Amino acid sequence: MKKRMKMKWLIIFVGVMCLFSQDVFAQENSDDAKEIFLAEKCQRCHSISAMNIDVTGQRVVSDLSAVGSRYTGEWLVKYMKREVAINGKKHIKNLKTSGADIEKLANWLATLNGK
1154 MKKRMKMKWL
1164 IIFVGVMCLF
1174 SQDVFAQENS
1184 DDAKEIFLAE
1194 KCQRCHSISA
1204 MNIDVTGQRV
1214 VSDLSAVGSR
1224 YTGEWLVKYM
1234 KREVAINGKK
1244 HIKNLKTSGA
1254 DIEKLANWLA
1264 TLNGK
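For what it's worth, the numbering used here labels the leading residue of the sequence shown as 1154, then goes sequentially.
Here it is, written out as structure tokens:
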């Protein structure tokens, strides 16, 4: 009986640890994606008011705080790679970062739903 109780607590402990590690991993990915956003100078045209990122350039295209409520990460990857268009217009800038970084950035943007 004691062995069974120990096993039950062990399973609960492992489950809780897995939940916390997912939050930490998600935060790290979010921080990495935000760094990519800033390194690629996306803030020259785009703000993300939900993340306190303001436009630094003269050209203001759009606030991306709710972009995830309209587009998926997969679609955003295609848009940033200039494979698809919005209203007949492709993304204006060719990103210089790696495909993995574009995916990380797109997946992060897809989580932004304006809340």
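Beta carbons are placed, not taken as given, at the ideal position from N, Cα and C, and that holds for glycine.
In this text, all values refer to a predicted model and were calculated from it rather than measured experimentally.
In terms of residues, what are the limits of the alpha helix (DSSP H) holding residue i?
| i | result |
| --- | --- |
| Val1230 | Gly1226 to Met1233 |
| Ala1219 | Taken as a continuous stretch (DSSP letters only), Ala1219 belongs to no alpha helix (DSSP H), as it is neither H nor E. |
| Ile1245 | Ile1245 -> no alpha helix (DSSP H), and no H or E assigned at all. |
| Asp1207 | First-last for Asp1207: undefined, no H or E at that position. |
| Lys1257 | Gly1252 to Ala1263 |
Got a sec? Which residues, its chain only, sit under 6 Å from residue i by beta carbon, not counting five neighbours each side?
| i | result |
| --- | --- |
| Leu1220 | Residue identity differs from the one stated: residue 1220 is Val in this sequence, not Leu. Leu1262 and Leu1265, listed in sequence order. |
| Met1126 | There is simply no residue 1126 to check, as the chain begins at 1154 and stops at 1268 in what is shown. |
For residue i and residue j, what's the separation of their Cα atoms in angstroms?
| i | j | result |
| --- | --- | --- |
| Ile1201 | Thr1225 | 17 Å |
Using a 10 Å radius around the Cβ and a threshold of 16 neighbouring Cβ atoms, would you call residue i buried or exposed?
| i | result |
| --- | --- |
| Lys1194 | exposed |
| Gly1267 | exposed |
| Ser1251 | exposed |
| Met1233 | buried |
| Ser1215 | exposed |
| Ala1259 | buried |
Enumerate in chain order the residues of its own chain whose CB-to-CB distance from residue i is below 7 Å, with the five nearest sequence positions on each side excluded.
| i | result |
| --- | --- |
| Lys1257 | Asn1182, Asp1185, Ala1186 and Ile1189 |
| Gly1210 | Arg1197 and Cys1198 |
| Ser1222 | Asn1266 and Gly1267 |
Near residue i, what residues of its chain come up, given a Cβ to Cβ distance below 8 Å and the 5 sequence neighbours on each side ignored?
| i | result |
| --- | --- |
| Val1237 | Trp1228, Lys1231 and Lys1243 |
| Lys1249 | Glu1193 |
| Val1208 | Gln1196, Arg1197, Cys1198, His1199 and Ser1200 |
Per DSSP, what are the beta-bridge partners of residue i in this structure?
| i | result |
| --- | --- |
| Ser1200 | Asp1216 |
| Ile1189 | Ile1189 pairs with nothing; no bridge assigned. |
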